[in-house]
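Residues are numbered in the working numbering as their position in the sequence shown, beginning at 1, plus a constant of 8. The C-beta atom is built at its ideal place from N, Cα and C for all residues, glycine as well. Some notes on the structure that comes next.
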Amino acid sequence: MTLYPVSGAKASLFKSTGVKVLRACLMVLGGVVLLNACATTPQPGPYRPGPATQGPTPVTPQTPRPDITEPDTPTPTKGDKIVGLTPPFMNTDNIRRVAILLPFSAQSPRLREEAASMLQAAELALFARDDDSVLLMALDSAGTPAGASIAARKAIAQGADIILGPILAGSVRASGEIARAADVPMIAFSTDTTVAGDGVYLLSFPPEAEVKRVTEFVAESGATKFAFLGPDSNYGRRVLSAYRESVADLDGVMNGIETYTGKDITVMQDPARKLAQLYTQTLAQNEAEGRPRSEVAFHVVLLPEGGTALRSLAPLLPFFEENINPGNVQFMGTGLWNREDVAREPAIRNGIFAGPDLEAKQMFNDRFDAIYGEEPSRLASLAYDALNIAAFVAEGDRDTRAERLTDEAGFFGVDGLVRFDASGTPERGLAIYQVRGGRFVIIDPAPKSSDGAF
Numbered sequence: 009m010t011l012y013p014v015s016g017a018k019a020s021l022f023k024s025t026g027v028k029v030l031r032a033c034l035m036v037l038g039g040v041v042l043l044n045a046c047a048t049t050p051q052p053g054p055y056r057p058g059p060a061t062q063g064p065t066p067v068t069p070q071t072p073r074p075d076i077t078e079p080d081t082p083t084p085t086k087g088d089k090i091v092g093l094t095p096p097f098m099n100t101d102n103i104r105r106v107a108i109l110l111p112f113s114a115q116s117p118r119l120r121e122e123a124a125s126m127l128q129a130a131e132l133a134l135f136a137r138d139d140d141s142v143l144l145m146a147l148d149s150a151g152t153p154a155g156a157s158i159a160a161r162k163a164i165a166q167g168a169d170i171i172l173g174p175i176l177a178g179s180v181r182a183s184g185e186i187a188r189a190a191d192v193p194m195i196a197f198s199t200d201t202t203v204a205g206d207g208v209y210l211l212s213f214p215p216e217a218e219v220k221r222v223t224e225f226v227a228e229s230g231a232t233k234f235a236f237l238g239p240d241s242n243y244g245r246r247v248l249s250a251y252r253e254s255v256a257d258l259d260g261v262m263n264g265i266e267t268y269t270g271k272d273i274t275v276m277q278d279p280a281r282k283l284a285q286l287y288t289q290t291l292a293q294n295e296a297e298g299r300p301r302s303e304v305a306f307h308v309v310l311l312p313e314g315g316t317a318l319r320s321l322a323p324l325l326p327f328f329e330e331n332i333n334p335g336n337v338q339f340m341g342t343g344l345w346n347r348e349d350v351a352r353e354p355a356i357r358n359g360i361f362a363g364p365d366l367e368a369k370q371m372f373n374d375r376f377d378a379i380y381g382e383e384p385s386r387l388a389s390l391a392y393d394a395l396n397i398a399a400f401v402a403e404g405d406r407d408t409r410a411e412r413l414t415d416e417a418g419f420f421g422v423d424g425l426v427r428f429d430a431s432g433t434p435e436r437g438l439a440i441y442q443v444r445g446g447r448f449v450i451i452d453p454a455p456k457s458s459d460g461a462f
C-alpha cells in the first residue's frame with residue numbers, strides 16, 4: 009500500500025480544485041451529536057498536490073454538547089449483528105460510522121475547552137474530505153473512566169466502525185476494554201503507552217519517541233557521554249527511562265543524573281549544583297593528570313522542562329560552572345520546549361529538541377482560525393488527523409482494519425508522518441529543531457515518506 013495522504017499531501021492539506029460549498033448536516037439523536045458533510049454540486053476533481061488555496065468557507069455548526077446517558081441496549085460483543093444508527097439525511101448504503109469520545113462535561117474547564125476544539129477540528133476534517141458517506145458521532149466521555157465506558161457502549165450499540173478518543177489514560181483503559189470486546193478499533197489520544205495494544209492505538213506524541221530521536225541525532229554527531237537534569241515526576245521518570253534506554257542502545261555512558269521535586273527554582277539549585285560540580289571536578293582532574301580538556305564528564309545534558317520551569321532551570325548550570333555553555337555542552341529538550349518563550353531564553357541558545365514538522369501544522373492552524381475565528385487547541389490537530397485515518401480504515405472490511413492501521417507506509421497528516429506499531433503505539437517522523445536567534449530552526453528534517461524505518 010502506498011502512503012495514504014491524510015486529507016491530501018503536506019503541500020495541500022485542503023483540496024484546491026472543485027471545492028464544494030459545504031454545510032453541516034447536524035442532528036442530535038439519543039444524546040449523540042451526528043455530523044455529516046452534505047454538499048452541493050459541482051463535484052470535485054481528482055486530488056492534485058499543489059499549494060493550498062482558500063475555498064468557499066464552510067458554515068460551521070453550533071454543535072450542542074451531548075449529555076451522558078446509559079445506553080438503552082446491552083453492549084454488543086464480537087459477532088453480534090448490529091443495525092447501525094442511520095440519520096434520515098444519509099444514504100443507508102456504505103455508511104462509515106466514526107465515533108469520537110471527548111470530555112465535553114469534564115470538571116476541568118481546560119479539558120472542556122480541549123474537547124470543543126478537538127470536535128471542531130474533526131468537523132473541519134469532515135468538511136475537507138467532502139465525503140457524505142462518513143458519519144461523525146460525538147459522545148461525551150465526561151473526563152472519567154465511567155463516562156468513557158458509557159460513551160463507548162453507546163457508540164458500539166449505534167454501529168461505530170471505529171472509535172476516536174478518549175484523551176485521558178484512565179478513560180482509554182476503561183473504554184478500550186469495551187471496544188476490544190466488540191472488535192471495534194480505537195484511536196485514542198493519550199500519551200500513556202501502557203493503555204495501548206490489542207485494538208487500541210494511540211495518536212499522540214509520547215515523550216519516549218522524542219527522546220529517542222534527539223539522542224540518536226547527537227550520538228551521530230559524536231556525543232558519547234550523557235547527563236540528565238529534570239523533575240522526579242511521572243513525566244520526568246518516563247523521559248529518564250527512555251533516555252537511559254536510548255543511551256544504552258547507542259553504547260553511550262550516563263555520567264550524571266540529578267532530579268528534583270517541584271517547579272520552583274529553589275528545588276532545582278542543589279541538583280544543578282551537583283551536576284555542575286561533576287563537570288568541574290572532571291576538568292580539574294584532567295588538568296592534574298595532563299589529559300585533554302575534551303575528556304569531559306558529559307557532552308550532552310537533557311532538560312525535560314518547558315515554560316517558566318525551563319527558564320529557571322537552564323541558566324543554573326552555566327551559573328555554577330561557566331564551562332557548561334553552548335560551545336562545550338549540548339543542551340537537549342523534549343516537546344515541552346516547543347514554545348515561543350523558550351526560543352527566547354539565552355541559556356538554551358543552540359539547544360535542540362525533536363518535534364513534528366511545523367509547516368504543515370501552521371497551514372492547519374491558519375485554516376482553523378479562518379473558519380472558527382480562534383486558534384486550535386494543543387490537541388486539535390490530532391483529532392483532525394484521526395478523523396481522516398478513521399475514514400480510510402473504515403473503508404475496508406472489518407477483518408482488515410487492524411492491517412490497514414498498522415501498514416508500514418503509515419499516514420501523513422498535519423502533524424507529519426505517523427504509523428502504528430504492533431503494540432498500538434505511534435512511531436513519528438520527527439524533525440530536529442535548534443534554538444537560534446530567538447526562534448526554532450530545522451537542522452534535520454522530518455521524513456516525508458516511510459522507508460520501513462523512521
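In the DSSP assignment, what residue or residues form a beta bridge with residue i?
i      : result
Met262 : Phe234
Met194 : Ile171, Val208
Tyr268 : Pro239
Ile450 : Tyr441
Ala362 : Ile440
Pro434 : Phe428
Phe339 : Val309
Gly5   : In the structure as shown, the chain starts at 9 and stops at 462, and residue 5 therefore has no counterpart that could be examined.
Gly421 : Gly424
Give the C-beta separation of residue i and residue j to the nearest angstrom, bearing in mind that I take them to be a contact with Cβ-Cβ under 8 Å.
i      : j      : result
Ser198 : Ile175 : 6 Å
Leu311 : Gly343 : Wrong, their Cβ atoms sit about 13 Å apart, outside the cutoff.
Gly404 : Val350 : The pair is not a contact, with the Cβ atoms about 42 Å apart (cut-off 8 Å).
Asp429 : Leu211 : About 13 Å separates the two Cβ atoms, so there is no contact after all.
Ala177 : Asp200 : 4 Å
Glu435 : Val426 : 7 Å
Arg137 : Ala399 : 6 Å
Ser320 : Ile356 : That belief does not hold up - the Cβ atoms of Ser320 and Ile356 are roughly 12 Å apart, past 8 Å.
Leu258 : Glu224 : 7 Å
Lys271 : Ala317 : 5 Å
Thr290 : Ala280 : That pair is no contact at about 16 Å.
Tyr251 : Leu413 : Contact doesn't hold; Cβ gap of about 29 Å is too wide.
Ala463 : Leu172 : One cannot answer for residue 463 here, as it falls past the ends of the chain, which runs 9 to 462.
Gly463 : Ala227 : Any question about residue 463 goes unanswered here, given that the chain covers just 9 to 462.
How about residue i and residue j: do their beta carbons lie closer than 7 Å?
i      : j      : result
Ala284 : Glu253 : no
Ala378 : Met126 : no
Leu325 : Ile332 : yes
Leu119 : Gly151 : yes
Ala256 : Thr433 : no
Val247 : Val219 : yes
Val309 : Ala231 : no
Ala168 : Ser183 : no
Val222 : Ala362 : yes
Ile360 : Ile450 : no
Asp140 : Ser113 : no
Ile186 : Ser157 : yes
Thr202 : Asp240 : no
Arg406 : Pro193 : no
Ala133 : Leu395 : yes
Arg352 : Gly446 : yes
Pro111 : Ala123 : yes
- Task: Flag this pair as touching only if the region 416-423 and the region 332-347 have three or more C-beta atom pairs under 8 Å; answer yes or no.
- Result: no
- Message: Closer than 8 Å is the cut-off here; do at least three beta carbon pairs connect the region 360-367 with the region 104-112?
- Response: no
- Query: Counting Cβ pairs closer than 8 Å, one from the region 126-143 and one from the region 370-385, do we hit at least three?
  - Reply: yes
- Query: Is the region 260-271 touching the region 233-245, taking contact as three or more C-beta pairs under 8 Å?
  - Reply: yes
- Query: Does the region 442-460 come close enough to the region 404-418 that 3 or more CB-CB pairs lie under 8 Å?
  - Reply: yes
- Query: In chain order, which alpha helix (DSSP H) runs of at least 4 residues are fully inside the region 340-416?
  - Reply: Taken in chain order, the unbroken stretches of alpha helix (DSSP H) that lie wholly in the region 340-416 and span 4 residues or more are 348-351, 366-380, 388-401, 409-413.
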